[in-house]
Structure formats: structure tokens, C-alpha cells
Amino acid sequence: MKMKSAMALLALSLLAAGVTLAADNMAFEGTLRAHACTLHPDDKMIPIDFGDLASRDLYLSGGTPDVAFNIRLLDCNTAVARDVLVTFMGNQSTQIPGALALDPGSAAAGFAVVLKDAAKMPLRLGDTHSTALVSPDTTLLFHHSLAVVPGVQAVTPGQFSANGTFELHYP
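If you count by mature numbering (1 follows the signal peptide of the UniProt record, and there is no 0), then the sequence shown holds residues -22 to -1, 1 to 149, one letter each, in order.
Put into C-alpha cells, the structure is as follows:
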């Protein structure tokens, strides 16, 4: 037993002898800046209700008209940031690239949600869209619509939902 203790003590001594403390070899620094904008409290969750739609009308028209929605920014400090980068994210449709897929629990099928910029140009999920901050209170204008999957023979009626998120970045 004494032999094992002596060997363990010798091994620990040899290990400890090889340990040295290095001089400072890491430096951390950064800049903490003021916030650029505050998201309007009512826009933290933006419910969009498509209401009741006739599946036949949706199918024959290929989709719904564009409907506007806003993201409101308050108290924007243009000394901190002159632009905001908006990225929409969510479960992307496999049949309409860039569009928001319907949630798996949806009974309806054959279409997806398309998001568009102020000029009504489609925005792909995951892509970044830049908008200038023009005043302390800036309203970002976007549009949404439903688009029928190309080539489907009919759309399936029923309840549907789709969920996505948006991120705001200030370069």
C-alpha cells in the first residue's frame, strides 16, 4: 500500500512539474452601442387572418390578392443605424421555393404563403431585405398572399395555418 501511495505521489509530482502558467494570451474588447430602434409592442406578434376563402376561387385565380402588413419601429436612432435588415424565416414550402409552408396540422393543402416587399416583389424565406430608417418612427411595409402550387389539380379545403418569424438586424 505504501508503494502505491509513493508511486501515485511521484506521478503527481512529475505531472505538476510540467504545468506552467502562460502569460496573458487572450484579449477581449468590443463596443457597446445604443439601441437602434424599438419594435412596436403590438408588432411582436402579427396575426394575419385570411378569413374564409372558396377553394375553387383560390384554385382558379392561382392565389389571393396581395394584402399589406406593417412592422413598426419606434424611437429609431439613425446615428446608430441608417438601415434595418429584415429576415423572414419559417418552414419553407417544398413546392413553392421561398414561400412559407402550411403547418403540418393543416387540413387544407395545395398552396403556400408568399411574403413580398413594399414593391410587391417576392421575398424568399431566409433572405435579407434592407430598408432605410427614414425617421425616428419608421413603418416597414410588406405584403402577403396565398399562392397555389403550380401543377396541382385542385386545392384541398379545410382549416390551415402557417407560422414564421422575422428578425431585425441593424448594420
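The beta carbon of each residue, even a glycine, is placed where N, CA and C say it ideally should be. Everything numeric in this text was worked out from a predicted model, so none of it was measured.
Item: Local conformation of residue 123 per DSSP, three classes; Value: strand
Item: Between the CA atoms of residue 142 and residue 132 - distance to the nearest angstrom; Value: 25 angstroms
Item: Close Cβ partners of residue 153 (< 6 angstroms) along its chain, the five nearest in sequence each way excluded; Value: With the chain covering -22 to 149 only, the question about residue 153 has no answer from this structure.
Item: Member of 125, 123, 107, 138 whose CA lies at the smallest distance from the CA of residue 62; Value: 107
Item: Within the stretch 9 to 69, ranges of the alpha helix (DSSP H) (whole runs, at least 4 residues); Value: 33 to 39
Item: DSSP bridge partner residues for residue 142 (one or two, in chain order); Value: 68
Item: Same chain, Cβ closer than 8 angstroms to residue 36, neighbours up to 5 away in sequence not counted; Value: 42, 89, 124, 126, 133
Item: Per-residue burial, residue 136 [other beta carbons within 10 Å of its own, 16 or more giving buried]; Value: exposed
Item: Distance CB(residue 58)-CB(residue 102) smaller than 7 angstroms; Value: no
Item: CA nearest to the CA of residue 83, picked from 4, 26, 138; Value: 138
Item: Nearest candidate by alpha-carbon position, reference residue 76, set 115, 109, 122, 56; Value: 122
Item: Beta-carbon gap between residue 52 and residue 18 smaller than 7 angstroms; Value: yes
Item: Residue span of the beta strand (DSSP E) that contains residue 93, given as start and end; Value: 89 to 94
Item: Residue 79 classed as buried or exposed, judged by whether at least 16 other C-beta atoms fall within 10 angstroms; Value: buried
Item: Run of the beta strand (DSSP E) containing residue 110, from where it starts to where it stops; Value: 106 to 110
Item: Collapsed DSSP secondary structure at residue 100 in the structure displayed; Value: strand
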